[in-house]
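Residue numbers (my numbering), protein chains in the order written: chain Y, 52 to 303; chain R, 52 to 303; chain Z, 52 to 303. Think of the CB as a built atom: it goes at the ideal place given N, C-alpha and C, for glycine as much as any other residue. Structure first, commentary second.
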């Protein structure tokens, strides 16, 4: 997938169009997510005041919704933003952090996923949890290999007519029929907080510029996996990996 | 400006006095801002509970107000802090993130700027927006060169009897009469989130130790530009730039 | 302490058990804290929605409560979490950021410390403030050497039947009787925001896996001090130090 004209075209569009990606995300990962979006050529914004959201999301090229460290305030902001995105035709992407492991989170994730989500990216525990199956996650890290969630991903994709990506050692991306595999990345990436969250935001950026959504998501994960693998090859610890990852995202 | 005794004196005061800078800022940039302040020798604090703010801001040497990712809670906290700062004589600095591009943000920025602000630092879109002119920004990044906002900066400075800095490839700093230029920095700095926000916090730190406010702001931007240029000269990506920038801030 | 079988056993348990540490902390330090926990082998989570907290904290292996940049929302979340932790038998650790320097913060810190806290880690100003003595801090940085707070630490430890650590150039750890010293670390660590906060979270991780609590806290600070000293020995600025520190935490 790395050398296809399609992938190169998505990358070129990212840099040429600098899509404005509106993020509703956790304070834990907001900085890393914004830097990852800037590195790939997108323009990030985190607008979460209730009176600012609806106006902003319709100007944005994509909305990225992340459920990490959810607060009642962010839950309300997300509900407003998703409604405005759907009404205004802004594509939106869901990262269901903690779904499956935290019951109220799972309920909320299911409720918003039903609102015309363009793509969902999660680890196996989250995708299984969202599909109503037992994931085995504790906290926000997955306890299960990504292949265990392929069927759940396919079923969710059909249910919501969206793209679903389950990431892990191998990433699987499906529209409910076709399943693409991306086998890049590096195990050390699980030692950096927000790697998955930033990947979801990059999915949103690619969805904004690549109209073929299955490809958009697969290209985003290819970009993430390439940058992660290249970064991991030249560093020897998680602190350095986060830094090198941003450098490599800008260089791919 | 780099080799003047004035600049060296501001730097020396920063390190000797370690001004306590109270920040009300976005979760996206809070960590980077605190680290930038520590690097230049200041002592950062982020106090935002309503019952803690007024007492704290009067102990602080300066208050830095940043409108990024504004929430209703932070808006209320900022209103309390600015009132207490003005009453207690603590100088305060405004970074009007998103002004011009987000209507409620612009209104709020204008309302608080009228309360004895010591200095305002923004990009061209934000300064134009604050002055009631059309900026052309989308999201929080500027769509316009900094020179397009010089007149707006001068007019705002006269209106609020404060210093206004519009930053970009060239930074312009004005008290409404004199316009100083700082042409340092590097384009790669726009690929790191919070660079402008951290610059505004450093402006607050310099205002705390340098009584000549036009110089204080120009010195802060000189420090920022020098560190950014030196960092950009020895790295090759935005992840490394953020790290090297903090190192260089501590070294200038 | 570095080469003792006990220390190696705590480290091995951290990596083998990957304790789930629930953090309620400031947006300023949340990312660095999560990365520090991942680096030592723990699994961090930041769950702060009122309807999610009680269920989550009882699943977690430890709770880390940090009072930095406290908001009314986080104050309420902390109260819920501490009650649930005590009822469910999850050990919890307090980092009383700003105690002593900010009156409402001091009151809140004292009130929750009385609820069966397992360990408290703070700088001298904070430990003195918590003990009702004058600390001399301004903002969140200590104005006093750690040895000035040894008696206060011992008294707090006896009062709450917990472990108290006062950190600085030398760290002191006490159960109210024995006082252990850890003299590692490096002065440059004070130029990186969140170093103390991350240390407190690592204390929580060690308390989760090492039943001897005095040793658990001392081992956590040994780990922090070793990583800090090794990182400081090979970098020349605070930006690089934060990165190298995470690498070294993963390597100890």
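- Query: Name the DSSP bridge partner or partners of residue 211 (chain Y)?
  - Reply: Answer is none; residue 211 (chain Y) lacks a bridge partner.
- Under 7 Å (Cβ pairs) to chain R, residues found in the region 221-243 of chain Z: Legend: CB atoms of the region 221-243 of chain Z lying less than 7 Å from CB atoms of chain R belong to residues 242, 243.
- Run the CB neighbour count on residue 125 (chain R), radius 10 Å, all protein chains shown included, and call it buried at 16 or more, exposed below. Under this definition residue 125 (chain R) is a buried residue.
- Message: Under 8 Å, Cβ to Cβ, is there at least one residue of chain Z near residue 82 (chain R)?
- Response: Taking CB atoms only, residue 82 (chain R) has a neighbour in chain Z less than 8 Å away.
- What separation, rounded to the nearest whole angstrom, lies between the Cα atoms of residue 112 (chain Z) and residue 152 (chain Z)? The straight-line gap separating the alpha-carbon atoms of residue 112 (chain Z) and residue 152 (chain Z) is approximately 31 Å.
- Task: Please state whether DSSP places residue 116 (chain R) in a helix, a strand or coil.
- Result: Assigned with DSSP and collapsed to three states, residue 116 (chain R) falls in strand.
- Task: Check whether the region 198-214 of chain Y touches the region 166-173 of chain Y, taking contact to mean three or more Cβ pairs, one atom from each stretch, closer than 8 Å.
- Result: The region 198-214 of chain Y, when compared against the region 166-173 of chain Y, does touch it at the 8 Å Cβ threshold.
- Segment contact, 8 Å Cβ cut-off, at least three pairs: the region 98-115 of chain R with the region 73-82 of chain R: Short answer: they touch.
- Completely contained beta strand (DSSP E) runs for the region 105-180 of chain R, where each covers 3 or more residues: Counting only unbroken stretches of 3 or more residues, the beta strand (DSSP E) elements lying wholly within the region 105-180 of chain R are 113-117, 143-146, 170-174, in sequence order.
- Message: Checking 8 Å against the spacing of the C-beta atoms, do residue 108 (chain R) and residue 87 (chain R) come in under that value?
- Response: No, they are not a contact pair.
- Query: Under a Cβ-count criterion, where at least 16 other Cβ atoms within 10 Å of its own Cβ denotes burial, should residue 263 (chain Y) be classed as buried or exposed?
  - Reply: Classification for residue 263 (chain Y): exposed.
- Message: Can you tell me whether residue 287 (chain Z) is buried or exposed? The criterion is at least 16 other CB atoms within 10 Å of its CB, across all chains shown.
- Response: If you draw a 10 Å sphere on the C-beta of residue 287 (chain Z), you find fewer than 16 other C-beta atoms in it, and that means exposed.
- Could one say the Cβ of residue 85 (chain Y) lies closer than 8 Å to chain R's Cβ atoms, at least one of them? Taking Cβ atoms only, chain R reaches closer than 8 Å to residue 85 (chain Y), which makes this a yes.
- Helix, strand or coil at residue 78 (chain R) according to DSSP, with G and I counted as helix: Coil at residue 78 (chain R), not helix or strand.
- Message: Let me make sure I understand the geometry here. Which of Z:59, Z:93, Z:136, Z:55 has the alpha-carbon closest to that of residue 297 (chain Z)?
- Response: The option with the nearest alpha carbon to residue 297 (chain Z) is Z:93.
- Query: DSSP state of residue 62 (chain Y), grouped into three classes?
  - Reply: Residue 62 (chain Y) falls in the helix class under three-state DSSP.
- Item | Where the alpha helix (DSSP H) containing residue 235 (chain R) begins and where it ends | Segment: none, residue 235 (chain R) is in no alpha helix (DSSP H) and carries neither H nor E.
- Candidates Z:284, Z:267, Z:142, of which the one nearest residue 55 (chain Z) by Cα: Considering only alpha carbons, the answer is Z:267.
- Message: Between residue 122 (chain Y) and chain Z, is the shortest Cβ-Cβ distance under 8 Å, so that the two count as touching?
- Response: True, the Cβ-Cβ gap to chain Z drops below 8 Å.
- Query: In three-state DSSP terms, what is residue 287 (chain Y)?
  - Reply: Correct three-state label for residue 287 (chain Y): coil.
- Task: Indicate whether residue 257 (chain Y) and residue 117 (chain Y) have their beta-carbon atoms separated by less than 8 Å.
- Result: In this structure, the beta-carbon distance from residue 257 (chain Y) to residue 117 (chain Y) does not fall below 8 Å.
- Can you name the start and end residues of the alpha helix (DSSP H) that residue 199 (chain Y) belongs to? Counted as a single uninterrupted DSSP element, the stretch harbouring residue 199 (chain Y) is not any alpha helix (DSSP H), since DSSP gives it neither H nor E.
- Chain-ordered residues of the region 283-295 of chain Z with a beta carbon less than 8 Å from chain Y: Against chain Y - using a Cβ distance shorter than 8 Å - the residues of the region 283-295 of chain Z are 293, 294, 295.
- Query: Can you list the residues of chain R that residue 247 (chain Y) reaches, using a CB-CB cut of under 9 Å?
  - Reply: Per Cβ cutoff of 9 Å: no residues; residue 247 (chain Y) is ~18 Å from chain R at best.
- Message: Quick check on DSSP: helix, strand or coil for residue 95 (chain Y)?
- Response: In the three-state reduction of the DSSP assignment, residue 95 (chain Y) falls in the strand class.
- What is the rounded straight-line gap between the Cα of residue 207 (chain Y) and the Cα of residue 255 (chain R)? CA-CA distance, residue 207 (chain Y) to residue 255 (chain R), rounds to 50 Å.
- Message: Could you give the first and the last residue of the continuous alpha helix (DSSP H) run that contains residue 254 (chain Y)?
- Response: Here the alpha helix (DSSP H) through residue 254 (chain Y) covers 246-260.
- Query: So who's on the other strand from residue 222 (chain Z), going by DSSP bridges?
  - Reply: When beta bridges are read from the DSSP output, residue 222 (chain Z) appears opposite Z:233.
- To the nearest angstrom, report how far apart residue 176 (chain R) and residue 200 (chain R) are at their CA atoms. One alpha carbon belongs to residue 176 (chain R), the other to residue 200 (chain R), and they sit about 8 Å apart.
- Using the beta-carbon of each residue, which ones in chain Y are nearer than 7 Å to residue 102 (chain Z)? Those within 7 Å of residue 102 (chain Z) in chain Y are 155.
- Item | Which of helix, strand or coil DSSP assigns to residue 69 (chain Z) | Here DSSP, grouped into helix, strand and coil, assigns residue 69 (chain Z) to coil.
- Task: Have a look at residue 167 (chain Z) and residue 295 (chain R) and give me their C-alpha separation to the nearest angstrom.
- Result: Rounded to whole angstroms, the separation of the alpha carbons of residue 295 (chain R) and residue 167 (chain Z) is 43 Å.
- Message: Please state whether the Cβ-Cβ distance between residue 150 (chain Z) and residue 156 (chain Z) is less than 8 Å.
- Response: Judged by beta-carbon spacing, residue 156 (chain Z) lies within the 8 Å limit of residue 150 (chain Z), meaning their Cβ atoms are closer than that value.
- Should residue 292 (chain Z) and residue 278 (chain Z) be called a contact, given that it needs their Cβ atoms to be closer than 8 Å? Not in contact: residue 292 (chain Z) and residue 278 (chain Z) (Cβ atoms no closer than 8 Å).
- Residues that residue 295 (chain Z) bridges to, as DSSP identifies them: For residue 295 (chain Z), which the question treats as bridged, DSSP gives no partner whatsoever.
- If residue 148 (chain Y) and residue 274 (chain Y) are in contact, beta carbons under 8 Å, what's the gap, nearest whole angstrom? Contact doesn't hold; Cβ gap of about 21 Å is too wide.
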